[in-house]
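Okay, structure first, notes after.
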Amino acid sequence: MAVLSWTPSRALGLPLAALAAAVPAFYAMRSPGGVLLQEPKTAVHPAAPAAAMGLPVAALAPAGTAPTAGPDSSDPFKASFDAMTAELQRTASSSRWRTALYVKDLQRGYEWTYHAEDLFPAASLIKLPIMVGVFEKIQRGQLSLYSKLKLRRTTRMGGSGSLKWQRDGTQYTVRYLLEKLIKESDNTAMLLLLDEVGIGFLQQYFPQMGLVYTEINSDGLRLDSGGVRAENYTTAREMGAVLERIYRGELVNGFASELMLDILKRKRARSRLAKYLPPGWQIAHKTGLLRRSCHDASIVFSPNGDYVLVVLTGRVDSYPAAKDFIARLGKTTYRTYRGDDGLFARAGAGVAR
Numbered sequence: 005m006a007v008l009s010w011t012p013s014r015a016l017g018l019p020l021a022a023l024a025a026a027v028p029a030f031y032a033m034r035s036p037g038g039v040l041l042q043e044p045k046t047a048v049h050p051a052a053p054a055a056a057m058g059l060p061v062a063a064l065a066p067a068g069t070a071p072t073a074g075p076d077s078s079d080p081f082k083a084s085f086d087a088m089t090a091e092l093q094r095t096a097s098s099s100r101w102r103t104a105l106y107v108k109d110l111q112r113g114y115e116w117t118y119h120a121e122d123l124f125p126a127a128s129l130i131k132l133p134i135m136v137g138v139f140e141k142i143q144r145g146q147l148s149l150y151s152k153l154k155l156r157r158t159t160r161m162g163g164s165g166s167l168k169w170q171r172d173g174t175q176y177t178v179r180y181l182l183e184k185l186i187k188e189s190d191n192t193a194m195l196l197l198l199d200e201v202g203i204g205f206l207q208q209y210f211p212q213m214g215l216v217y218t219e220i221n222s223d224g225l226r227l228d229s230g231g232v233r234a235e236n237y238t239t240a241r242e243m244g245a246v247l248e249r250i251y252r253g254e255l256v257n258g259f260a261s262e263l264m265l266d267i268l269k270r271k272r273a274r275s276r277l278a279k280y281l282p283p284g285w286q287i288a289h290k291t292g293l294l295r296r297s298c299h300d301a302s303i304v305f306s307p308n309g310d311y312v313l314v315v316l317t318g319r320v321d322s323y324p325a326a327k328d329f330i331a332r333l334g335k336t337t338y339r340t341y342r343g344d345d346g347l348f349a350r351a352g353a354g355v356a357r
């Protein structure tokens with residue numbers, strides 16, 4: 005495979021002048037002047053997740069508490085946020101399953117957690133950092149969004165997604181596979197991308213992303229309903245931190261973060277956190293469902309500010325009930341963030357900052 009340098013024109017496989025006609029959805033979101041931002045230098049400290057993520061140590065508050073350092077206590081919204089998190093805690097603590105939540109207001113800095121450092125099987129949430137790793141390969145000039153990968157018998161996988169039914173030898177662009185990876189949670193798209201970038205690369209790159217407890221092993225990708233020898237674990241805090249860095253344009257570079265955010269907004273699932281999403285709002289999210297775990301990790305764009313909301317559940321005895329439980333938690337936050345108009349997210353919401 006040819007090694008391509010990372011520029012908007014070459015990474016998309018088109019001359020710069022043709023970008024607007026060829027990929028209008030992506031062209032409109034490129035960084036100013038079409039120049040990609042430099043990759044941030046991330047200091048990783050393999051200790052507590054908050055330290056590894058560059059978050060304040062105060063973020064390591066006991067489950068069900070909100071750190072008070074940082075946000076302005078004079079903000080009238082603070083009382084509403086506290087009432088919301090109190091209701092979230094009541095709902096979560098009454099669950100018959102293992103439950104973890106991570107909530108962060110991305111404008112005001114308010115943060116609340118409930119067992120956010122507990123380990124859960126990642127299920128398909130692992131596809132979120134896989135997507136980041138693919139964009140890192142593109143940033144390094146080792147891949148392009150328009151590189152074509154060929155479907156083979158060894159890269160087929162059951163479970164979610166439609167690519168498993170396609171013919172051997174069919175070729176797909178990396179961009180198409182990334183959309184399948186998130187929109188359909190397509191497992192065959194995941195294997196094709198993993199075959200190209202390598203699990204070994206991702207294992208080395210995850211700590212640079214700030215992931216201390218989130219792991220990726222080939223055994224953990226299996227669809228077995230029982231236990232596996234090496235599970236892929238994650239935490240609500242780490243998934244939330246990855247989403248926040250994408251939102252702020254800090255993962256890989258600003259241009260890549262914008263593309264990732266756009267792909268996450270295209271997720272098709274209308275259950276879990278998207279079930280009660282009010283009209284006019286946007287949600288960028290990834291769901292997961294495997295081995296009695298049911299998750300949803302999201303960025304919600306609301307009239308009263310954007311926020312991260314991650315819900316993980318484990319030891320689930322009913323997937324439909326778990327999905328409805330997650331949906332009810334989301335609905336609690338939507339009531340708080342409706343704002344004065346009650347309906348539409350503010351203009352321009354959804355652009356990585």
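For reference, each letter of the sequence shown is one residue, going 5 to 357 in my numbering. Where is the CB? At the ideal position from N, CA and C, for every residue including glycine.
Could you tell me the boundaries of the alpha helix (DSSP H) in which residue i lies?
| i | result |
| --- | --- |
| Y180 | V178 to K187 |
| E219 | Where E219 is concerned, there is no enclosing alpha helix (DSSP H), given that its DSSP letter is neither H nor E. |
| R94 | F81 to S97 |
| V246 | A240 to Y251 |
| E121 | Counting along the chain, E121 falls outside any alpha helix (DSSP H), and DSSP gives it neither H nor E. |
| V136 | K131 to Q143 |
| R339 | Y323 to T340 |
| G258 | G258 to K269 |
Here's the rule: buried if 16 or more other CB atoms are within 10 angstroms of the residue's CB, otherwise exposed. What is residue i?
| i | result |
| --- | --- |
| S98 | exposed |
| P133 | buried |
| K154 | exposed |
| A87 | exposed |
| G137 | buried |
| R270 | exposed |
| T117 | buried |
What separation, rounded to the nearest whole angstrom, lies between the Cα atoms of residue i and residue j?
| i | j | result |
| --- | --- | --- |
| G258 | A288 | 17 Å |
| Q146 | T177 | 14 Å |
| S78 | V107 | 20 Å |
| R233 | Q207 | 17 Å |
| L197 | L181 | 7 Å |
| A278 | G230 | 28 Å |
| T159 | D199 | 8 Å |
| H299 | K82 | 27 Å |
| Y209 | I220 | 11 Å |
| S297 | S148 | 34 Å |
| Q175 | R156 | 10 Å |
Output yes or no for whether 8 Å exceeds the beta carbon distance between residue i and residue j.
| i | j | result |
| --- | --- | --- |
| L333 | T95 | yes |
| R276 | A240 | no |
| F139 | V256 | yes |
| G292 | W101 | no |
| M243 | L185 | no |
| S189 | S222 | no |
| Y338 | P282 | yes |
| S128 | L294 | yes |
| N308 | R252 | no |
| T218 | A126 | yes |
| V246 | M213 | yes |
| A260 | Q143 | yes |
| Y280 | K335 | yes |
| Y311 | D172 | no |
From the DSSP output, read off the bridge partner residues of residue i.
| i | result |
| --- | --- |
| D172 | D172 is not bridged to any residue. |
| L153 | Y176 |
| E115 | K108 |
Starting from residue i, follow the beta strand (DSSP E) in both directions and report where the run begins and ends.
| i | result |
| --- | --- |
| D300 | S297 to S306 |
| L313 | G309 to G318 |
| V201 | Here V201 belongs to no beta strand (DSSP E); instead the alpha helix (DSSP H) covers N191 to V201. |
| Q286 | Q286 to L294 |
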